[in-house]
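Beneath this line is the structure, given in structure tokens, with notes to follow.
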Amino acid sequence: MASPVRDIVVCGGGYVGLATAVALKQSAPGLDVAVVDAAPEEAWKKDERASAIAAGASRMLETLGVWSSLRQNAEPITRMIVTDSRTGDPVRPVFLTFDGAVADGETFAHMVENVHLVGALRERAGELGIGIRQGVRAQGFHAEEASATLDLGEAGSERARLVVAADGIRSRLRDMAGIRTVEWSYDQCGIVATVSHEYAHNGRAEEHFMPAGPFATLPLTGNRSSLVWTERTRDAHRLVNDDALIFEAELERRFGHKLGRIELVGGRRAFPLGLTLARAFVAPRIALAGDAAHGIHPIAGQGLNLGFKDAAALAETVVEAHRLGLDIGTLPTLERYQVWRRFDTVRMGATTDVLNRLFSNDMTPLRSLRDLGLGLVDRMPRMKDFFIRQAAGIGEQRDPRLLRGAAI
Amino acid sequence: MPADAKTTIDQSEIDRFSRLAEEWWNPKGKFKPLHKFNPVRLHYIREKVAGHFGRDPQGEKPLRNLRLLDIGCGGGLLTESMARMGAEVVGADASETNIKVARLHAEQSDLTIDYRAETAEALADAGETFDVILNMEVVEHVSDPDFFLGKCAEMMRPGGLMFVATINRTAKAAALAIFGAEYVLRWLPRGTHRYEKLVRPEEIERPLSLGGLERLDHVGVFYSPIRDEWHRSSDTDVNYMMLFAKPK
Chain A
57 MASPVRDIVV CGGGYVGLAT AVALKQSAPG LDVAVVDAAP EEAWKKDERA SAIAAGASRM
117 LETLGVWSSL RQNAEPITRM IVTDSRTGDP VRPVFLTFDG AVADGETFAH MVENVHLVGA
177 LRERAGELGI GIRQGVRAQG FHAEEASATL DLGEAGSERA RLVVAADGIR SRLRDMAGIR
237 TVEWSYDQCG IVATVSHEYA HNGRAEEHFM PAGPFATLPL TGNRSSLVWT ERTRDAHRLV
297 NDDALIFEAE LERRFGHKLG RIELVGGRRA FPLGLTLARA FVAPRIALAG DAAHGIHPIA
357 GQGLNLGFKD AAALAETVVE AHRLGLDIGT LPTLERYQVW RRFDTVRMGA TTDVLNRLFS
417 NDMTPLRSLR DLGLGLVDRM PRMKDFFIRQ AAGIGEQRDP RLLRGAAI
Chain B
157 MPADAKTTID QSEIDRFSRL AEEWWNPKGK FKPLHKFNPV RLHYIREKVA GHFGRDPQGE
217 KPLRNLRLLD IGCGGGLLTE SMARMGAEVV GADASETNIK VARLHAEQSD LTIDYRAETA
277 EALADAGETF DVILNMEVVE HVSDPDFFLG KCAEMMRPGG LMFVATINRT AKAAALAIFG
337 AEYVLRWLPR GTHRYEKLVR PEEIERPLSL GGLERLDHVG VFYSPIRDEW HRSSDTDVNY
397 MMLFAKPK
């Protein structure tokens, strides 16, 4: 017997998939929403990464009833410092400083460990009655006239009016739906680790542009910071696999001593960096969200925020169509989402690509030019305001309602 | 049926639409303009029904507990949305093929819709009554608009609403809706609309007021090439929608 047809099945239980499911269900309780995820039970608790949550995304989390439980684990970034340096520079010239408030009492970004973010979203999903099936991998996708079937192998199948692919940068569902990508590899890896330090960071985030790529420290709760350390692929693998002592020595050279003694907390992992853009964000009965639609360079810390914008725009499009009695999975409905998100995404992808190429470089004339550029930006309050609003993810002309802190 | 019985069926129109029936649900197919046209009609219907019957237009199922007739429903493009918005829906079309297409599609979409290959006069004579009647893009295809609209008015429950949408019989409509849409842009198959069958607003209002209905609204609908969207307009020279109510 064929399984009953749900309204929406979200494939992928990361924060983008969960935020999409929660936004949909909270806005339209009549929708039957479920989440399937390939990872085994409890695997999400082992994620050691942290993410920058811009003001727009935290407004969305607040509207979705998630922020209050997350707040205690979120560290506000009150100040952001950008420098351009060679590793050996004894003094790093500071070219750009940002103070963190976008509006009264609102910080432009918070740092949150993924485990807390995903945990809070899962809890909210549970409250809303959204079922999450773990250890279930999509093995086939078939769009039919009025629904789609997701083949889940031994776990059976799911049928839905709309399938949301939020299964990450190497989305299998995207490939199965026949959506191709444009890919660009950087021969860079992002090393991700958490360190504890002797002194307080006072909410300060730093991004140092090194010849191999940016090295960023982002404040976590307590005397801890999250690192995003870009290196050429070969060097990154060596750093991650070598003795911890060597890693910490290399880390110290970059981190400096201003926060006192530093120590690695937990593991260190290297992620290959690249630019992956899906050629289409939608096809009949399927929509891509988050990294499945666009994997961008983490240089500007925008990965999560683009993903949340997708979630907010997709939920708004689908809920409006649903309230109007339209079929939520057809191309005319889904194309609204695609038009809404693609321009922004391609622009952000191109910006981060250019930033990365510009800064992962040690040519003297280029260094002088970009330093001049950063210095100029620092002296122009309106430009700075523009950049800070972009970084906070609230500069767009037509932001999805959830990012403005309004319900759908 | 006796040969001289009065009827709203125009056989050549029914045959033409039957040939197109499979195309109904293809958003990129021949009915693409109707798919594009759907949101503006849906917004209008929802807003007016919610306002008239005291419902929240932003809520789920704002049409619940209302009995609705979609006359000339074609393949069910608008009909299915009415069912999703919670109405108890009867979809009627004189073309048996259209009704077959519509039934099949509603079944795939898990929607309960009472589809009937019947005319307005057959439904009226059977004593059917409705809270809402949709009369969308139909009146320009029937053989006797006065008789057709009169029969529709008969089926209105007191306090009910009737929506009528059609194309005006003006030089501008001939240029845009027939020459432009059928010959230049090729949105619609040639022969979809014939100029002499287009209907002026007063030709809608007269038979309906004779049937006891009051006009509440009259609004134009225009296509914006930049936004690739239809929107409401005060210009009623080409496409327009009218809203009527039957007093309680």
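These protein sequence lines are chains A and B, in that order. Residue numbers for the first sequence follow our numbering, so the first one is 57 and each next one is one higher. Residue numbers for the second sequence follow our numbering, so the first one is 157 and each next one is one higher. Here a beta-carbon is modelled for each residue, glycine too, at the ideal position from N, C-alpha and C. Remember, it's a predicted structure, so these values are computed and weren't measured experimentally.
Cutoff 6 Å; reference residue i; Cβ partners in own chain excluding five residues on either side
{"i": "ALA272/A", "result": "GLU263 and VAL284"}
{"i": "GLY185/B", "result": "GLU179"}
{"i": "ALA401/B", "result": "LEU317, GLU370 and LEU372"}
{"i": "LEU305/B", "result": "PRO363 and LEU364"}
{"i": "GLY385/A", "result": "ARG217, LEU218 and ARG341"}
Host beta strand (DSSP E) of residue i (start-end)
{"i": "ALA480/A", "result": "Any property of residue 480/A remains undetermined from this structure, which presents chain A solely from 57 to 464."}
{"i": "GLU244/B", "result": "244-248"}
{"i": "LEU283/A", "result": "280-288"}
{"i": "GLY479/A", "result": "There is simply no residue 479/A to check, as chain A begins at 57 and stops at 464 in what is shown."}
{"i": "ASP270/B", "result": "270-272"}
{"i": "GLU385/B", "result": "385-389"}
{"i": "ASN395/B", "result": "395-401"}
{"i": "ASN361/A", "result": "Element bounds for ASN361/A: not the beta strand (DSSP E) but the alpha helix (DSSP H), 359-379."}
{"i": "ASP287/B", "result": "286-292"}
{"i": "PHE303/A", "result": "Here PHE303/A belongs to no beta strand (DSSP E); instead the alpha helix (DSSP H) covers 300-311."}
{"i": "LEU279/B", "result": "Note, LEU279/B: premise wrong, no beta strand (DSSP E); alpha helix (DSSP H) at 276-281."}
Limits of the unbroken alpha helix (DSSP H) element including residue i
{"i": "CYS308/B", "result": "301-310"}
{"i": "TRP123/A", "result": "123-126"}
{"i": "THR76/A", "result": "71-83"}
{"i": "TYR200/B", "result": "188-209"}
{"i": "ALA181/A", "result": "170-183"}
{"i": "LEU15/A", "result": "The displayed coordinates of chain A run from 57 to 464. Any statement about residue 15/A would go beyond what the structure contains."}
{"i": "MET238/B", "result": "233-240"}
{"i": "HIS261/B", "result": "252-264"}
Euclidean distance between Cα positions of residue i and residue j
{"i": "ALA221/A", "j": "SER251/B", "result": "40 Å"}
{"i": "ASP270/B", "j": "LEU222/B", "result": "14 Å"}
{"i": "ARG350/B", "j": "LYS188/B", "result": "20 Å"}
{"i": "ARG388/B", "j": "GLU293/B", "result": "16 Å"}
{"i": "ALA216/A", "j": "VAL89/A", "result": "9 Å"}
{"i": "GLY247/B", "j": "ASN182/B", "result": "19 Å"}
{"i": "ALA333/B", "j": "GLY73/A", "result": "44 Å"}
{"i": "LEU126/A", "j": "GLY316/A", "result": "29 Å"}
{"i": "LEU279/B", "j": "ASP249/B", "result": "11 Å"}
{"i": "GLY86/A", "j": "LEU234/B", "result": "21 Å"}
{"i": "ARG114/B", "j": "VAL395/A", "result": "This structure cannot speak to residue 114/B, because chain B is shown only from 157 to 404."}
{"i": "ARG397/A", "j": "THR76/A", "result": "14 Å"}
{"i": "GLY215/B", "j": "VAL196/B", "result": "18 Å"}
{"i": "THR289/A", "j": "ASP366/A", "result": "30 Å"}
{"i": "ALA261/A", "j": "GLU169/A", "result": "15 Å"}
{"i": "GLU210/A", "j": "GLY69/A", "result": "19 Å"}
{"i": "GLU214/A", "j": "ILE186/A", "result": "14 Å"}
{"i": "PHE209/B", "j": "LEU198/B", "result": "16 Å"}
{"i": "GLU183/A", "j": "GLN82/A", "result": "10 Å"}
{"i": "PHE399/A", "j": "LEU329/A", "result": "22 Å"}
Proximal residues to residue i (C-beta, below 8 Å), its chain only, five neighbours per side dropped
{"i": "GLU319/A", "result": "VAL251, SER252, HIS253 and GLU304"}
{"i": "ALA194/A", "result": "CYS67, VAL92, ALA94, LEU206, ASP207, LEU208, ASP223, ARG228, LEU229 and MET232"}
{"i": "ARG457/A", "result": "ALA368, GLU372, ALA463 and ILE464"}
Neighbouring residues, chain B, relative to residue i (Cβ below 9 Å)
{"i": "VAL374/A", "result": "Within 9 Å Cβ-Cβ: nothing; VAL374/A doesn't reach chain B, min ~13 Å."}
Contact set for residue i: own chain, Cβ-Cβ below 7 Å, skip 5 residues either direction
{"i": "TYR339/B", "result": "ARG346"}
{"i": "ARG115/A", "result": "LEU459, ARG460 and GLY461"}
{"i": "LEU190/B", "result": "LEU233"}
{"i": "ALA256/A", "result": "ASN279"}
{"i": "ALA329/B", "result": "ILE323, LEU354, ASP393 and VAL394"}
Residue i: contacting residues in chain A (beta-carbon distance under 8 Å)
{"i": "LEU198/B", "result": "LEU380, GLY381 and LEU382"}
{"i": "PRO183/B", "result": "THR386, LEU387 and PRO388"}
{"i": "ARG211/B", "result": "Result: empty, since nearest Cβ-Cβ is about 11 Å, beyond 8 Å."}
{"i": "HIS208/B", "result": "Per Cβ cutoff of 8 Å: no residues; HIS208/B is ~17 Å from chain A at best."}
Chain B contact residues for residue i, given Cβ-Cβ distances below 8 Å
{"i": "VAL61/A", "result": "ASP266"}
{"i": "GLU201/A", "result": "TRP181, HIS261 and GLN264"}
{"i": "ALA84/A", "result": "GLU216"}
Partners in chain A for residue i, counting only beta-carbon separations shorter than 9 Å
{"i": "SER237/B", "result": "LEU380, GLY381, LEU382 and ASP383"}
{"i": "MET241/B", "result": "ARG379, LEU380 and GLY381"}
{"i": "ARG202/B", "result": "ARG379, LEU380 and GLY381"}
{"i": "PRO381/B", "result": "The contacting residues do not exist; PRO381/B stays about 15 Å from chain A at best."}
Interface residues of chain A facing residue i [CB-CB closer than 7 Å]
{"i": "HIS191/B", "result": "PRO388"}
{"i": "PRO345/B", "result": "Result: empty, since nearest Cβ-Cβ is about 20 Å, beyond 7 Å."}
Item to complete: Please list the segments of the alpha helix (DSSP H) lying wholly inside the stretch 213-256 of chain A, counting only runs of 4 or more residues, in order along the chain.
Response: 228-232
Worksheet item: What are the start and end residues of each continuous alpha helix (DSSP H) run of 4 or more residues lying completely inside the stretch 339-369 of chain B, in chain order?
Response: 357-366
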